[in-house]
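Chains as they are written, first to last, in the numbering used here: chain A, 2 to 215; chain B, 49 to 823.
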Amino acid sequence: MNIPDRIDRREAVRYMGGAGVMMNADMERLMDGCEQELLRVMQPKYLYQIVDLPQEALLVGGDIRRHLKGCRQAVLFCATLGAAVDRLLRVAQVRDMARAVVLDSMASVAIEQVCRQADESIAAQLPGRFLTFRYSPGYGDYPIELQKTFLRLLDAPRKIGLTVSDSCLLVPAKSVTAIAGISDVPVERQRRGCAVCNLRDTCQYRKNGDHCGF
Amino acid sequence: MGTMIQRSGAGYRHCPETLNLTRPELITSFHRAYIEAGADIVYANTFGANAYKLEGSGCSVERVIAAGIQNAKAACAGTDALVALDIGPIGMLLEPSGVLRFEDAYDYFKQQILAGRDADVIVLETMTDLYELKAAVLAAKENSDKPVLATMTFERSGRTFTGVSAAAAALTLTGLGVDALGVNCSLGPDELEPVIAEMTQYTDLPLIVKANAGLPDPNSNEYDILPDRFAQCVKALLPYGVKLAGGCCGTTPAYIAALKAALENETFQPCPKTADTCVCSPSVVVEINGPRIIGERINPTGKKLFKQALIDNNIDYILTQALSQVSGGAELLDVNVGHPEIDEKKMMVRVLKAIQSVCDAPLQIDSTKPEVLEAGLRAYSGKPIVNSVNGEEKSLSAVLPLVKKYGASVVGLTLDEGGIPKTAEGRFAIAKRIVERAEALGIDRRDVYIDCLTLTVSAEQDACRETLQALHRVKTELGCKTCLGVSNISFGLPNRELVNSTFLTMALEEGLDLPIINPNIAAMTGAVRAYRVLAGIDTNARDFIDNYNDAAPAPKPQAAASVSLEDAVYNGLKNEAAAIAAKLLETADPMAIVNEKLIPALDRVGEDFEQNKIFLPQLIQSANTAQACFEVIKQHLAKQGGAQVSKGKIIVATVKGDIHDIGKNIVKVLLDNYGYTVVDLGKDVDPQLVVDTAVEQNITMIGLSALMTTTLKSMEDTIALVRQTPALQNADGSSKCKIFVGGAVLTRDYAMKIGADFYCRDAKESVDAAKQVLG
Numbered sequence: 002m003n004i005p006d007r008i009d010r011r012e013a014v015r016y017m018g019g020a021g022v023m024m025n026a027d028m029e030r031l032m033d034g035c036e037q038e039l040l041r042v043m044q045p046k047y048l049y050q051i052v053d054l055p056q057e058a059l060l061v062g063g064d065i066r067r068h069l070k071g072c073r074q075a076v077l078f079c080a081t082l083g084a085a086v087d088r089l090l091r092v093a094q095v096r097d098m099a100r101a102v103v104l105d106s107m108a109s110v111a112i113e114q115v116c117r118q119a120d121e122s123i124a125a126q127l128p129g130r131f132l133t134f135r136y137s138p139g140y141g142d143y144p145i146e147l148q149k150t151f152l153r154l155l156d157a158p159r160k161i162g163l164t165v166s167d168s169c170l171l172v173p174a175k176s177v178t179a180i181a182g183i184s185d186v187p188v189e190r191q192r193r194g195c196a197v198c199n200l201r202d203t204c205q206y207r208k209n210g211d212h213c214g215f
Numbered sequence: 049m050g051t052m053i054q055r056s057g058a059g060y061r062h063c064p065e066t067l068n069l070t071r072p073e074l075i076t077s078f079h080r081a082y083i084e085a086g087a088d089i090v091y092a093n094t095f096g097a098n099a100y101k102l103e104g105s106g107c108s109v110e111r112v113i114a115a116g117i118q119n120a121k122a123a124c125a126g127t128d129a130l131v132a133l134d135i136g137p138i139g140m141l142l143e144p145s146g147v148l149r150f151e152d153a154y155d156y157f158k159q160q161i162l163a164g165r166d167a168d169v170i171v172l173e174t175m176t177d178l179y180e181l182k183a184a185v186l187a188a189k190e191n192s193d194k195p196v197l198a199t200m201t202f203e204r205s206g207r208t209f210t211g212v213s214a215a216a217a218a219l220t221l222t223g224l225g226v227d228a229l230g231v232n233c234s235l236g237p238d239e240l241e242p243v244i245a246e247m248t249q250y251t252d253l254p255l256i257v258k259a260n261a262g263l264p265d266p267n268s269n270e271y272d273i274l275p276d277r278f279a280q281c282v283k284a285l286l287p288y289g290v291k292l293a294g295g296c297c298g299t300t301p302a303y304i305a306a307l308k309a310a311l312e313n314e315t316f317q318p319c320p321k322t323a324d325t326c327v328c329s330p331s332v333v334v335e336i337n338g339p340r341i342i343g344e345r346i347n348p349t350g351k352k353l354f355k356q357a358l359i360d361n362n363i364d365y366i367l368t369q370a371l372s373q374v375s376g377g378a379e380l381l382d383v384n385v386g387h388p389e390i391d392e393k394k395m396m397v398r399v400l401k402a403i404q405s406v407c408d409a410p411l412q413i414d415s416t417k418p419e420v421l422e423a424g425l426r427a428y429s430g431k432p433i434v435n436s437v438n439g440e441e442k443s444l445s446a447v448l449p450l451v452k453k454y455g456a457s458v459v460g461l462t463l464d465e466g467g468i469p470k471t472a473e474g475r476f477a478i479a480k481r482i483v484e485r486a487e488a489l490g491i492d493r494r495d496v497y498i499d500c501l502t503l504t505v506s507a508e509q510d511a512c513r514e515t516l517q518a519l520h521r522v523k524t525e526l527g528c529k530t531c532l533g534v535s536n537i538s539f540g541l542p543n544r545e546l547v548n549s550t551f552l553t554m555a556l557e558e559g560l561d562l563p564i565i566n567p568n569i570a571a572m573t574g575a576v577r578a579y580r581v582l583a584g585i586d587t588n589a590r591d592f593i594d595n596y597n598d599a600a601p602a603p604k605p606q607a608a609a610s611v612s613l614e615d616a617v618y619n620g621l622k623n624e625a626a627a628i629a630a631k632l633l634e635t636a637d638p639m640a641i642v643n644e645k646l647i648p649a650l651d652r653v654g655e656d657f658e659q660n661k662i663f664l665p666q667l668i669q670s671a672n673t674a675q676a677c678f679e680v681i682k683q684h685l686a687k688q689g690g691a692q693v694s695k696g697k698i699i700v701a702t703v704k705g706d707i708h709d710i711g712k713n714i715v716k717v718l719l720d721n722y723g724y725t726v727v728d729l730g731k732d733v734d735p736q737l738v739v740d741t742a743v744e745q746n747i748t749m750i751g752l753s754a755l756m757t758t759t760l761k762s763m764e765d766t767i768a769l770v771r772q773t774p775a776l777q778n779a780d781g782s783s784k785c786k787i788f789v790g791g792a793v794l795t796r797d798y799a800m801k802i803g804a805d806f807y808c809r810d811a812k813e814s815v816d817a818a819k820q821v822l823g
């Protein structure tokens, strides 16, 4: 797939917890360097499969049922920036932690951009139908353990080198698994919001009465 | 097989290998179809039959594999076809990216190899991680005497998902003693030529091509190359030394029939390797076809800070040494961690794995102990150099078999029971003996790098000539590569750098291939690079120009009068701050600089961070700047043999099961910079290791990090174990340890519930906790 031209800097600043911080020239320079390096190193890949609903193996908990309500099919999806980004992050943590923090945040933004790009291509394959937003194992009461099932069904280890550890960490780290409902009628693309977010109890934005935009 | 199972629509739960038990006749019929199409070897349906993938299926590895082999054997009955035990990747990524330990991967494979003992051949395929494949090859070679075929899967970039190059795969697998190697899956045969062409340059072994039927549509699984074209494309690859051809995804019996017809009248065309001797990591191959620099700095000899780092388990210090040598121009790195106060074998394994997780340069495993060399050889991914063997019988008989088994190159020192011969003649004789012994074991003489030994010229002025003469003879008469530690020559003389670089140039002219030097001394690296130009090795001086073209010498940082140490720290001006600190040390007390300047400056940065005036990276930059100052002060104190600047020891660890350790690493940097001594246990840390370290080193402050909801349980377990350990309790049964915890999903309530003393929302708060406890 195409590598994005740029990495959304405002998003990256959010990820660094920099809400309200004034950017300065040094930070801009640091972010420029990190952006270039990341764009050079990342090898984004994604996979998807359209599955019929209901499927007991995939519908675990109340939240996902609500999310996929009215959908007779869904898109099973995963994406990764690839192993080289993990290595880049490891090296940066030895050489320069400040740089590592910036790279880590930018990589998180990049994988989200990659997912959005994939969303668009998938939606283009489904004319006249509508996708709900991507819902990932770990949101709300949707068990994170399902990542293993997703990757097995998608044959992700073999096809794009994406695996999951025993404790449900995706490897490479900058990766996503998700499911999106396919609906015959337009769905409200509401925000995922705080309710499904695992950081809701610790989130700085939320404490300030703010929102991260997720 | 996968193709046929998919097409048949046969239902299975969990994984297709369970069909061996539920539908044996179906599996046998697929094999038979391929045999009838002309297959000489059928791969049993055992690809994913490992303990990880079968978990929860209710079927054991032993049953599934035994049935798989039986089904294939039944299909072969009455024909000459052979049955292969087919083994694919485990399905979990190995360290350093994943959490699966190399040793555990070995055990998974060993179980499969033993279960498949009735097969005729062992096939390891679709591998993308050279380290995982090495575990599989060792498991096969150590638990079976069947032939081993190994193939990896490459992308269009010519690399695997994990970045392994075809050349590195060929070198490493050849060294490990497989019977044939090559490529499977990946792409269609029309696109595999670059991969096969690269492999064949680095091995004399027959190659395997088992391509897909073209490219799959990633989502529909339809393939785009038809049988006749498939067969013609494979046939075109035969001149590269391909001996075994087959089909992977999408290749039905029709493809095999076409292949059989196309190859019927063809004979095997061996294709000798063209590359000179090479060493490699998974991603970088260094061909020793001219002088190559080996960095000597990962070695405690004569280095106080390095020794301390080994005792403190300070792996990051060693990693920094590795990366800075590569930046300086090292192409290979020597790794020596011998020190009487540590377990050298354990440390060697740990350091090799850690260096390989961040550094692509091939490594040289350096120890005087065969058991350390063997542990290192197992743990290394790629083809390393062993440093060293010498002419003593004891050394020859212990080290050379290891070099052969693990497929390494080896440094041969020209000394023996009688010591170092004074004459070139004597050293040449030992070199010859080493080479003969190596060849008798099947080690290529080009993989023996003879070191004619540098003696100190101030003690024995004639010895220099003898060394160079021996080197010349070894190079020209034995046809070996040569290696030499250079720095020893100038011991006891002033201006050592000048003597070293001159000696280096002389040795290069006599045929030195592998100078072992400090690459961070510009004159040394420069001498090698200049020599490559003058000797016509660096064609058009391209490499030289790349390295020196825009080398405007960096202005030496000055202790500018206008900037205070506090401001330099606040603004993250690392070099300036270090220079100022050095200047202050001329007049001020070291501890006063720490307490009156550095700590207050860091406090100001911390406050601004808390008030959201600056970013986390800026906080870290300031902390790093303070760290540079601490280094200057530490070195000053070390020279004076004075007390260490430490405010106390703190353990930090990312808990068991968790491998995302950036948060912990940020905490570490900050604590370090505030003057605490941090014992970093790394990631995926067993609770017992935390307790053992606390007890052994008498540490009472512990920081734990967990990123995921799934790993919070490990955090709780670790805290519980600390609290229960009698050695970490006061006389009244209360805990001696203060534990601080942090992590994205952790809340204050939860932290208190699981028994932590401090909940730290960010790295800055962990410093506050440390201040409260340790001052």
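Even for Gly, the Cβ is constructed at its ideal location relative to N, Cα and C. Quick caveat: nothing in here was measured; it's all calculated off a predicted structure.
Under 7 Å from the C-beta of N713 (chain B): neighbouring residues of chain A: Correct list: Q94 and M98.
What did DSSP end up calling C837 (chain B) once you bin it into helix, strand or coil? Any property of residue 837 (chain B) remains undetermined from this structure, which presents chain B solely from 49 to 823.
Taking the CB atoms as reference points, tell me whether D227 (chain B) and P254 (chain B) lie closer together than 9 Å. yes
Can you tell me whether I75 (chain B) is helix, strand or coil according to DSSP? helix
Please report the distance separating the alpha-carbon of N713 (chain B) from that of K101 (chain B). 33 Å
When you compare the stretch 143 to 163 of chain B with the stretch 179 to 193 of chain B, are there three or more beta-carbon pairs, one atom per stretch, that lie closer than 8 Å? yes
Simplified DSSP assignment, three categories, for D87 (chain A): helix
Give every residue of the same chain whose Cβ lies closer than 6 Å to the Cβ of G540 (chain B), excluding the five residues on either side of it in the sequence, and list them in chain order. S506
Return the bridge partner residues of F150 (chain B) from the DSSP annotation. Answer is none; F150 (chain B) lacks a bridge partner.
For A181 (chain A), write down the residues that DSSP places opposite it in a beta bridge. A:V76
Return the CA-CA distance between G474 (chain B) and E241 (chain B), expressed in angstroms with no decimal places. Distance between the alpha carbons of G474 (chain B) and E241 (chain B) is about 49 Å.
Mind checking which residues open and close the beta strand (DSSP E) that includes E335 (chain B)? V333 to E335
Test item: CB-CB of G236 (chain B) and C281 (chain B) under 9 Å: yes
Starting from the Cα of Y136 (chain A), find the closest Cα among A:R7, A:V42 and A:I180 and give me that residue. A:I180
May I ask which residues mark the beginning and end of the beta strand (DSSP E) holding T635 (chain B)? Taken as a continuous stretch (DSSP letters only), T635 (chain B) belongs to no beta strand (DSSP E), as it is neither H nor E.
Given a limit of 8 Å on CB to CB distance, which residues of the stretch 353 to 373 of chain B reach chain A? D364, L367, T368 and L371
For a contact meaning CB atoms closer than 9 Å, what does G18 (chain A) contact in chain B? N660, F663, L664 and D810
Tell me whether Q745 (chain B) sits in a helix, a strand or coil according to DSSP, three-state version. helix
Is there a Cβ from chain B that is less than 9 Å from the Cβ of L40 (chain A)? Taking Cβ atoms only, chain B never reaches closer than 9 Å to L40 (chain A), which makes this a no.
Mind checking who G460 (chain B) pairs with in its DSSP beta bridge? B:V437 and B:I498
Please tell me whether P388 (chain B) has its Cβ less than 9 Å away from any Cβ of chain C. The structure shown has no chain C; the protein chains it does contain are A and B.
Using only the alpha-carbon positions, how far apart do Y579 (chain B) and L546 (chain B) sit? 16 Å
Report all residues from its chain with a CB closer than 6 Å to the CB of P64 (chain B); omit the five preceding and five following residues, and keep chain order. I53
Got a sec: does the ligand PLP put a non-hydrogen atom nearer than 8 Å to the Cβ of S331 (chain B)? The model on display carries no ligand, and the ligand PLP is accordingly not part of it.
Taking 9 Å as the threshold (beta carbon to beta carbon), is D105 (chain A) in contact with chain B? yes
Distance CB(A409 (chain B))-CB(S535 (chain B)) smaller than 9 Å: Their beta carbons are not under 9 Å apart, which means A409 (chain B) does not touch S535 (chain B) by this criterion.
With DSSP collapsed to three states, give me the class of T587 (chain B). helix
Just to confirm the assignment, what range does the beta strand (DSSP E) spanning Y303 (chain B) have? Per DSSP, Y303 (chain B) belongs to no beta strand (DSSP E); it is in the alpha helix (DSSP H), P301 to L311.
Identify each residue in the stretch 138 to 171 of chain B for which the Cβ-Cβ distance to at least one residue of chain A is less than 8 Å, and report them in chain order. G139, M140, L141, P144, S145, G146, V147 and L148
Can you grab the Cα-Cα spacing for the pair V581 (chain B) / C407 (chain B), in whole Å? If you take the alpha carbons of V581 (chain B) and C407 (chain B), they lie about 27 Å apart.
Are three or more beta carbon pairs between the stretch 429 to 446 of chain B and the stretch 361 to 376 of chain B nearer than 8 Å? Because the criterion of three Cβ pairs below 8 Å is not met, the stretch 429 to 446 of chain B and the stretch 361 to 376 of chain B do not touch.
By how many angstroms is the C-alpha of T416 (chain B) removed from the C-alpha of K394 (chain B)? 15 Å
Considering only their Cβ atoms, is the gap separating V770 (chain B) from L729 (chain B) smaller than 9 Å? no
What does E159 (chain A) reach in chain B if we use C-beta pairs closer than 7 Å? The question names Glu, but residue 159 (chain A) is Arg in the sequence shown. By Cβ distance, chain B contributes T174.
Kindly identify the DSSP beta-bridge partner or partners of I699 (chain B). According to DSSP, I699 (chain B) bridges with B:V727 and B:I750.
Taking DSSP as the reference, what is the three-state secondary structure of V61 (chain A)? Here DSSP, grouped into helix, strand and coil, assigns V61 (chain A) to coil.
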